[in-house]
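Everything below concerns the one structure shown next.
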Amino acid sequence: MKAKPKPVFPAYAEAQQAEAAKTSRLRALRLAKEAADKEAADREAAAKPAKPTKRRVEAAPAAEQPGSA
Numbered sequence: 028m029k030a031k032p033k034p035v036f037p038a039y040a041e042a043q044q045a046e047a048a049k050t051s052r053l054r055a056l057r058l059a060k061e062a063a064d065k066e067a068a069d070r071e072a073a074a075k076p077a078k079p080t081k082r083r084v085e086a087a088p089a090a091e092q093p094g095s096a
């Protein structure tokens, strides 16, 4: 079943449009700020020297104890 669409009253239509415009402006500003923050973090990460990777040394195989055979 389809839901019936809500009736739009002319008195509220302007308020709804204004609210939608405000929301879209705020969303655009937030997305722009997030993009700028990400770019700044990427630049900062690129400026830092890379951490040297730690190489693990494999453990030597267990030596057989004399006299156990």
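Every position in the sequence shown, counted from 1, becomes a number in the working numbering once 27 is added. Think of the CB as a built atom: it goes at the ideal place given N, C-alpha and C, for glycine as much as any other residue. In this text the structure is predicted, and so the values were computed from the model without any measurement.
Limits of the unbroken alpha helix (DSSP H) element including residue i
| i | result |
| --- | --- |
| A68 | 37-74 |
For residue j and residue i, the rounded distance between their alpha carbons
| i | j | result |
| --- | --- | --- |
| A45 | R54 | 14 Å |
| A86 | P76 | 30 Å |
| A67 | K29 | 47 Å |
| E61 | A40 | 31 Å |
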